[in-house]
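Residue numbers (my numbering), protein chains in the order written: chain A, 21 to 293; chain B, 7 to 277.
Written out as structure tokens, the structure reads:
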């Protein structure tokens with residue numbers, strides 16, 4: 021932000037005022053007025069059934085209390101199966117997703133790939149990023165039938181969009197000098213990738229992969245809602261039957277696993293970088 | 007440098023013998039785990055459906071095209087609801103995230119041993135549970151509708167916004183804070199004039215970034231009954247009205263692209 025023109029003589033004797041965040045006063049008040057108008061319009065069109073909300077507060081209290089006494093035992097079989105399926109889907113989808121996204125990332129980096137391949141790979145990335153997991157899951161369940169295969173494919177597909185894009189950006193911003201040195205020694209294309217490019221992007225690839233495993237696990241928890249396998253189906257049943265203590269147990273397990281993954285990823289990222 | 011000598015020729019290798027053995031074992035374990043996972047997935051899959059998949063996909067495609075364009079007249083209100091869920095949810099989330107972020111940042115927290123872990127726990131637990139699950143829970147508690155969607159989005163976004171915000175607070179320039187403190191400012195004045203102006207650009211950026219994500223997430227919240235265009239999607243799916251489904255997917259895609267464009271523009275203007 022550049023400093024506004026400041027004339028000392030006009031400012032003497034006046035108290036200091038905080039400079040506003042948006043400099044142009046017309047734009048500032050216009051934005052504010054538009055925002056308030058929007059809020060009023062939004063408030064008018066949302067019909068909240070306050071009686072129903074008030075009624076629900078009691079159930080909300082029960083749910084919060086359920087966190088103090090989660091029930092891991094009475095549905096332990098279902099919880100165990102669901103969790104195992106979620107983890108299996110996460111691992112398999114992460115492996116396949118990462119393996120597929122590396123060539124696509126190479127193709128989507130302008131300094132490695134020729135233009136036609138670049139456009140195709142960028143297209144794949146754009147499609148994968150625009151479609152949300154749950155919508156992809158619905159379509160894949162319709163096509164492949166219920167079960168973890170649809171979830172596995174969904175997560176793999178989502179991994180490609182995420183990982184390829186970030187990895188391609190890293191490849192594009194790599195140090196050319198090292199790559200050129202390898203090329204000058206007479207390396208073939210695969211040797212060039214292996215010794216010139218790969219060592220430069222490896223730390224980022226590992227960090228991103230671990231982050232994506234974390235995301236995939238979180239996403240795998242909801243895929244069960246549309247029949248794509250994992251813990252989501254069990255959780256949905258628990259909510260439908262108002263078994264808050266079982267639901268609380270599942271949520272606690274999800275939170276603990278995500279926290280553990282985040283902790284591990286912190287350690288690994290600190291080590292590779 | 008690991009060099010292997012075969013006869014009189016010295017050959018350069020990337021790793022020493024022990025290192026390559028270690029790598030080999032790691033790969034073996036990894037592949038074994040993947041094979042086990044794949045086997046489990048394959049056990050619970052009906053392979054007949056999978057072999058039949060190309061035909062089914064083709065069938066769905068012929069049913070879904072062309073989209074039923076005239077249905078778009080009924081999508082105005084759901085889109086407005088979706089926008090409201092995302093925007094109001096983001097606003098509520100920011101209101102709640104600001105105090106959490108100040109409590110979680112190392113340099114502003116009142117107590118690093120008692121309050122900071124609680125704030126971090128709030129951040130982790132709200133972040134690790136998907137907005138669809140929050141929506142499921144809130145529908146069971148306060149009934150279906152747009153309001154449940156707004157609250158679900160708000161809760162889910164607290165962790166994200168607070169995490170980015172507290173990292174921004176921890177990275178502030180301490181000399182400015184010291185300068186304000188040296189003028190004799192109180193604790194709150196230091197916050198208002200020393201810290202807040204430094205994190206305001208980051209705050210605006212986070213708000214717009216999260217709004218963009220929330221537009222995405224609120225399009226599907228209707229699948230569990232929390233209002234928005236997802237409601238139309240799920241009812242169209244339930245009656246197998248594929249031309250309507252394809253139109254709704256196109257509208258969602260457009261909404262996502264537009265929100266991403268808006269957020270990129272606004273962030274470009276701020277930073």
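Idealized CB from N, CA, C, for every residue including glycine.
Contact set between residue i and chain A, taken where Cβ atoms lie within less than 8 angstroms
i	result
residue 196 (chain B)	Simply none; closest approach about 14 angstroms.
residue 259 (chain B)	150, 151
Chain-ordered neighbours of residue i on chain A, where CB pairs are closer than 9 angstroms
i	result
residue 253 (chain B)	Ordered by position in chain A, no residue passes the 9 angstroms Cβ test against residue 253 (chain B), which lies about 14 angstroms from the chain.
residue 244 (chain B)	Within 9 angstroms Cβ-Cβ: nothing; residue 244 (chain B) doesn't reach chain A, min ~11 angstroms.
residue 40 (chain B)	111, 112, 115, 116
Chain B within 8 angstroms of residue i, Cβ atoms only
i	result
residue 76 (chain A)	yes
residue 279 (chain A)	yes
residue 115 (chain A)	yes
residue 22 (chain A)	Reliability of the predicted coordinates at residue 22 (chain A) is poor, the pLDDT of 48 falling under 50, and the value obtained from them is presented with this limitation in mind. No, residue 22 (chain A) lies away from the interface with chain B (no Cβ there is under 8 angstroms from its Cβ).
residue 95 (chain A)	no
residue 35 (chain A)	no
residue 155 (chain A)	yes
residue 230 (chain A)	no
residue 161 (chain A)	no
residue 165 (chain A)	yes
residue 131 (chain A)	no
residue 44 (chain A)	no
residue 217 (chain A)	no
residue 221 (chain A)	no
residue 120 (chain A)	no
residue 124 (chain A)	no
CB contact below 8 angstroms: residue i versus chain A
i	result
residue 131 (chain B)	yes
residue 71 (chain B)	no
residue 136 (chain B)	yes
residue 93 (chain B)	yes
residue 152 (chain B)	yes
residue 78 (chain B)	no
residue 113 (chain B)	no
residue 235 (chain B)	no
residue 139 (chain B)	yes
Rounded Cβ spacing between residue i and residue j (contact assumed at less than 8 angstroms)
i	j	result
residue 95 (chain A)	residue 266 (chain A)	5 angstroms
residue 18 (chain B)	residue 31 (chain B)	So it is not a contact: roughly 23 angstroms between Cβ atoms.
residue 208 (chain A)	residue 120 (chain A)	Contact flag wrong, Cβ pair sits at about 23 angstroms.
residue 129 (chain A)	residue 188 (chain A)	5 angstroms
residue 147 (chain B)	residue 76 (chain A)	4 angstroms
residue 239 (chain A)	residue 105 (chain A)	With a Cβ gap of about 14 angstroms, residue 239 (chain A) and residue 105 (chain A) do not count as contacting.
residue 254 (chain B)	residue 239 (chain B)	5 angstroms
residue 182 (chain B)	residue 200 (chain B)	6 angstroms
residue 175 (chain B)	residue 108 (chain B)	7 angstroms
residue 278 (chain A)	residue 234 (chain A)	7 angstroms
residue 92 (chain A)	residue 201 (chain A)	That belief does not hold up - the Cβ atoms of residue 92 (chain A) and residue 201 (chain A) are roughly 57 angstroms apart, past 8 angstroms.
Residue i burial status per 10 Å Cβ neighbour count (16 or more: buried)
i	result
residue 169 (chain B)	buried
residue 40 (chain A)	exposed
residue 64 (chain A)	exposed
residue 162 (chain B)	buried
residue 292 (chain A)	exposed
residue 225 (chain B)	buried
residue 70 (chain A)	exposed
residue 51 (chain B)	buried
residue 185 (chain A)	buried
residue 67 (chain B)	exposed
residue 132 (chain B)	buried
residue 21 (chain B)	exposed
residue 259 (chain A)	buried
residue 43 (chain A)	exposed
residue 36 (chain B)	exposed
residue 252 (chain A)	buried
residue 257 (chain B)	buried
Chain A contact residues for residue i, given Cβ-Cβ distances below 7 angstroms
i	result
residue 148 (chain B)	72, 73, 76
residue 86 (chain B)	65
residue 262 (chain B)	150
residue 142 (chain B)	256, 259
Partner residues on chain B for residue i, Cβ-Cβ distance less than 8 angstroms
i	result
residue 294 (chain A)	The structure shown does not extend to residue 294 (chain A), since chain A is modelled only from 21 through 293, so no value can be given for it.
Contacts that residue i makes with chain B (C-beta to C-beta distance below 9 angstroms)
i	result
residue 6 (chain A)	Because residue 6 (chain A) is not part of the residues shown, which for chain A are 21 to 293, the question remains open.
residue 226 (chain A)	Here the premise fails: no neighbours, minimum Cβ distance about 13 angstroms.
Contact list for residue i against chain B, beta-carbon separation under 7 angstroms
i	result
residue 271 (chain A)	135
residue 60 (chain A)	Chain B residues near residue 60 (chain A): none, gap ~12 angstroms exceeds 7 angstroms.
What residues in the stretch 12-35 of chain B have a beta carbon less than 8 angstroms from any beta carbon of chain A? Within the stretch 12-35 of chain B, no residue places its CB atom closer than 8 angstroms to a CB of chain A.
Taking any Cβ of chain A, which residues in the stretch 42-72 of chain B have a Cβ under 7 angstroms from it, in chain order? Only those residues of the stretch 42-72 of chain B whose C-beta falls short of 7 angstroms from the nearest C-beta of chain A are listed: 43, 44, 46, 47, 50, 51, 52, 55, 56, 59, 62, 63, 66.
Determine which residues of the stretch 76-93 of chain A have a Cβ less than 7 angstroms from any Cβ of chain B, and write them out in chain order. Of all residues in the stretch 76-93 of chain A, 76, 79, 80, 83 have a Cβ within less than 7 angstroms of some Cβ in chain B.
In the stretch 212-229 of chain B, which residues sit with their C-beta less than 8 angstroms from some C-beta in chain A, listed in chain order? So the close ones are 222, 223, 225, 226, 229.
Closer than 9 angstroms, Cβ to Cβ, to anything on chain A: give me those residues from the stretch 182-206 of chain B, in chain order. Cβ contacts with chain A come from 198, 199, 203, 206.
Chain A contacts from the stretch 158-179 of chain B (Cβ-Cβ distance under 8 angstroms): Within the stretch 158-179 of chain B, no residue has a Cβ lying closer than 8 angstroms to any Cβ of chain A.
Of all the residues that make up the stretch 255-269 of chain A, which are near chain B by a beta-carbon distance shorter than 9 angstroms? Shown in chain order are the members of the stretch 255-269 of chain A whose Cβ falls below 9 angstroms from a Cβ of chain B: 255, 256, 259, 260, 262, 264, 267.
Between the stretch 233-250 of chain A and chain B, which residues of the former have CB atoms less than 8 angstroms from a CB of the latter, in chain order? Residues passing the 8 angstroms Cβ filter: 238, 239, 241, 242, 245, 246, 249.
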